[in-house]
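The structure appears below as structure tokens.
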Ligand SMILES: Cc1cc2nc3c(=O)[nH]c(=O)nc-3n(C[C@H](O)[C@H](O)[C@H](O)COP(=O)(O)O)c2cc1C
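Structure below.
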């Protein structure tokens, strides 16, 4: 089983990255082959809404997103991890999500499987942190991620959401959160989340 982790935080080694690393370690402990990519380290342009993909099912922009498409097709499990930025996922993560419009086009316009032959067998987890103490701080980001997963026929396997996490590395002082992340990674592989 291949597990792909995608971090959307521009703060490398921050709270999102620490949590994602625990999820991936948990997945690896159950025998999964794991790979983590950080979208802030990649060259991913925003969608131009050129509509080329409506005819071809491919995105015409030749940048690092082409590699991300391949990784998503190969992965059995996908972990999207992003801090909350103004209630949503980060701009870097949103650019990546919007570029999945070409896969949306495959499914809804071209009536093709959006993620290749393994479409429909994949599951996805969302991991997020936010500085605010309470309120509905995760709802918009969660809605975005659920929309992506539904469009790509990725079963939503759940979300790990931690509020009141602001300073870089603050999540390291919450061992229960890191443990939850590790266990979530295990469950993702075992298929019980
Ligand atoms: C541009 C920006 C916008 C933010 N917006 C929110 C927000 O709307 N709600 C919130 O709870 N935290 C917000 N935060 C705080 C981050 O979510 C918080 O610091 C988080 O721990 C960062 O995670 P990271 O270390 O993985 O990048 C924002 C931070 C930045 C830089």
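Numbering (the working numbering), first residue to last: 136 to 328. Glycine is no exception: its CB is placed at the ideal position from the N, C-alpha and C atoms. On a predicted model such as this, the values are computed, not experimentally measured, just so you know.
From the options, residue whose alpha carbon lies closest to that of residue i
i	options	result
residue 268	261, 222 and 257	222
residue 271	253, 170, 175 and 296	296
residue 237	187, 139 and 229	187
residue 259	215, 159 and 192	215
residue 279	249, 325, 217 and 323	217
residue 242	153, 191, 316 and 155	191
residue 154	303, 292, 326 and 240	303
residue 319	298, 299, 194 and 294	294
residue 177	141, 163 and 189	141
residue 286	240, 156, 210 and 172	240
C-beta contact flag for residue i and residue j at 8 Å
i	j	result
residue 182	residue 247	no
residue 257	residue 212	yes
residue 167	residue 136	yes
residue 159	residue 179	no
residue 224	residue 143	yes
residue 227	residue 145	yes
residue 165	residue 139	no
residue 244	residue 306	no
residue 231	residue 324	no
residue 301	residue 250	no
residue 273	residue 284	no
residue 253	residue 208	yes
residue 149	residue 316	no
Bridge partner(s) assigned by DSSP for residue i
i	result
residue 168	137
residue 290	258
residue 133	There is simply no residue 133 to check, as the chain begins at 136 and stops at 328 in what is shown.
Margin query: Closer than 7 Å between the C-beta and any heavy atom of ligand 1: which residues qualify, listed along the chain?
Written below: 144, 145, 146, 149, 150, 151, 152, 218, 219, 220, 221, 222, 264, 265, 266, 267, 272, 298, 300, 301, 303 and 305
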